[in-house]
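Single-structure report; data block below.
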Amino acid sequence: MLSLRDRRIADKIVDKIKSLGMGMKIMHVCGTHQDTVVKHGLDTLLLKLGIEVREGPGCPVCVTTTREIEEALYLARKGKTVAVFGDMLRAPGERDSLATIRAKGGRVRVVYSVDDAVKYAKEKKEDIVFFGVGFETTAPSVAATILDSPPDNFSVLSVHKLTPPATEAVLALGEIELNGVIDPGHVSTVIGWKEWEPISKKFKIPQVVAGFEPLDVLMAVYMIGRQISEGRAEVEVEYSRAVKEYGNERAKRIMYEVFEKKTGEWRGLGRVEESSLSIRKKYEDWDARKKYEDVLAEIADREYKDPPGCRCGDVIRGAIYPYECPLFGRTCTPSHPVGPCMVSYEGGCAIEYKYHRMERAKKCVV
Ligand code: SF4
-4 MLSLRDRRIA DKIVDKIKSL GMGMKIMHVC GTHQDTVVKH GLDTLLLKLG IEVREGPGCP
56 VCVTTTREIE EALYLARKGK TVAVFGDMLR APGERDSLAT IRAKGGRVRV VYSVDDAVKY
116 AKEKKEDIVF FGVGFETTAP SVAATILDSP PDNFSVLSVH KLTPPATEAV LALGEIELNG
176 VIDPGHVSTV IGWKEWEPIS KKFKIPQVVA GFEPLDVLMA VYMIGRQISE GRAEVEVEYS
236 RAVKEYGNER AKRIMYEVFE KKTGEWRGLG RVEESSLSIR KKYEDWDARK KYEDVLAEIA
296 DREYKDPPGC RCGDVIRGAI YPYECPLFGR TCTPSHPVGP CMVSYEGGCA IEYKYHRMER
356 AKKCVV
């Protein structure tokens, strides 16, 4: 059976990449890809061939804005129970995180799924607000839960976001000259590879939908290089064992029955058209923004500042490597995170710290 970590096959793919004889800058938009790239030393290996692989806006916790985090914090301060995935718990708002609110006696409950939050709502009489963070992979299950008519004391604060518009926003900025994009395999199992096609057409850039094992990523790099050498700019699928042209039609139908696309805010990118998922009017009984409209109106006009010195926005756009942030590993560590990229297991800074500690940060003049 083929192992997707087979060293001999990896060497053969690397030889094929070398044979292309070209340097490239490639972005991926997925925290799991970043973990594979750094954990297996692919970034170092490829850099020796003149190939840079950078993480873009691929970590859901990292791209959630301070304003969105503050909305969840405010609801918790106002006595609602905020149900949240564990990796969002410590994401910092302006002064607090949901973890510090909980330490001060606020009602914050860590859940492993949206179903957990519904179960809790059925057991308790409290108002439960599920903080709906995530991309196209998590939004369908939240939508399915809403279609299942959860109890009246349950609602969703949706900060769900869509990855293709954010990828397009990074390319439109042109901050770094990219030669190719590795598209996220799991998102593509839902949306389908066809969804990425307009990006290749608009920016004339090769894309490869890839899986998450080291051989998947190396193969994706080779396929991007091969497209460049052949003068092509299209979407190819390396992760063909899971990704179809139009993805999971049922999941998409459920997702868009409940949610509609709206202009959304992204940390590091600002407003991006049609990039967030908002609950449709038909299901507003479970929309925390509608249900607690009056409460949230109290903070609607506030200006929020990101943590001083934090360069999460630059990391999210791939403009800098995590270790280039002056706070990295100094004032910002996983036990004392300054920005969300150091909190989530999908965040570029947390991944860098986990596998390299200060090794690369020390060599970096900031
Ligand atoms: S090291 Fe910390 S402060 Fe700097 S970008 Fe990363 S998370 Fe933000």
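The opening position of the sequence shown corresponds to residue -4 in the working numbering, with each subsequent residue numbered one higher. Virtual Cβ for every residue (Gly too), placed ideally from N, Cα, C.
(message) To the nearest angstrom, how far is the alpha carbon of I171 from that of W188?
(response) Residue 171 sits at position 176 when you count from the first residue of the sequence shown. Residue 188 sits at position 193 when you count from the first residue of the sequence shown. The alpha-carbon atoms of I171 and W188 are separated by roughly 24 Å.
(message) Suppose only complete runs of 3+ residues qualify. What are the beta strand (DSSP E) ranges in the stretch 47 to 132, listed by chain order?
(response) 76 to 79, 103 to 105, 123 to 127
(request) State yes or no: is the C-beta of R306 nearer than 7 Å to some heavy atom of the ligand SF4? (result) Within the sequence shown, numbered from 1, the residue matching residue 306 stands at position 311. Indeed, a heavy atom of the ligand SF4 lies less than 7 Å from the Cβ.
(message) What residue range does the alpha helix (DSSP H) around V33 cover?
(response) Counting from one through the sequence shown, the residue named residue 33 turns up at place 38. That run of the alpha helix (DSSP H) goes 26 to 34.
(request) Starting from the Cα of F149, find the closest Cα among T158, T132, K156, V79 and give me that residue. (result) In the sequence shown, counting from the first residue as 1, residue 149 sits at position 154. The candidate whose alpha carbon is nearest that of F149 is V79.
(message) Following a CB-centred definition, is G334 positioned closer than 7 Å to any heavy atom of the ligand SF4?
(response) In the sequence shown, residue 334 corresponds to position 339, counting from 1. Because some heavy atom of the ligand SF4 lies under 7 Å away, the Cβ of G334 counts as near it: yes.
(request) State the CB to CB distance for the pair V185 and E131, rounded to an integer number of angstroms; the pair is presumed to be in contact (CB under 8 Å). (result) Sequence index remark: in the sequence shown, residue 185 carries index 190 (1-based). Sequence index remark: in the sequence shown, residue 131 carries index 136 (1-based). About 5 Å separates the two Cβ atoms, so the contact holds.
(request) Pull up the distance between the alpha-carbon of G220 and that of K43, whole angstroms please. (result) Start at 1 with the first residue of the sequence shown, and residue 220 comes out as number 225. Start at 1 with the first residue of the sequence shown, and residue 43 comes out as number 48. So the alpha carbons of these two residues sit roughly 15 Å apart.
(request) Going by DSSP, name the residue or residues bridged to E367. (result) Nothing in the structure corresponds to residue 367, since the chain is present only between -4 and 361.
(request) Determine the direct distance from the alpha carbon of V48 to that of A159, and round the result to whole angstroms. (result) As a position in the sequence shown, residue 159 is number 164, starting the count at 1. As a position in the sequence shown, residue 48 is number 53, starting the count at 1. The displayed chain sequence assigns Pro, not Ala, to residue 159. Taking the straight line joining both Cα atoms gives about 18 Å.
(message) On the DSSP letters alone, give me the boundaries of the alpha helix (DSSP H) that D211 sits inside.
(response) On the sequence shown, residue 211 is found 216 positions in, with the first residue counted as 1. Here the alpha helix (DSSP H) through D211 covers 209 to 224.
(message) Below 7 Å, is the gap between the Cβ of C359 and the nearest heavy atom of the ligand ATP?
(response) As presented, the structure is devoid of the ligand ATP, carrying the ligand SF4 as its sole ligands.
(request) Please determine if the stretch 287 to 307 and the stretch 164 to 183 are in contact, where contact requires at least 3 C-beta pairs separated by less than 8 Å. (result) no
(message) What I want to know is whether the C-beta of M22 ends up closer than 7 Å to one or more non-hydrogen atoms of the ligand SF4.
(response) Walking along the sequence shown from the start, residue 22 turns up at place 27. No, the beta carbon of M22 sits no closer than 7 Å to any heavy atom of the ligand SF4.
(request) Would you mind stating whether T61 and G88 have Cβ atoms separated by less than 8 Å? (result) Against the sequence shown, residue 61 aligns to sequence position 66. Against the sequence shown, residue 88 aligns to sequence position 93. Yes, the pair counts as a contact, with Cβ atoms nearer than the cut-off.
(request) Taking A71 and L93 to be in contact with their CB atoms under 8 Å, please state how far apart those CB atoms are, rounded to whole angstroms. (result) Taking the sequence shown and counting its residues from 1, one reaches residue 71 at position 76. Taking the sequence shown and counting its residues from 1, one reaches residue 93 at position 98. About 6 Å separates the two Cβ atoms, so the contact holds.
(message) Please state whether the Cβ-Cβ distance between I8 and Y217 is less than 8 Å.
(response) Here the question's residue 8 lines up with position 13 in the sequence shown. Here the question's residue 217 lines up with position 222 in the sequence shown. Yes, they are a contact pair.
(request) List the residues that DSSP assigns as beta-bridge partners of K156. (result) Against the sequence shown, residue 156 aligns to sequence position 161. According to DSSP, K156 bridges with S271.
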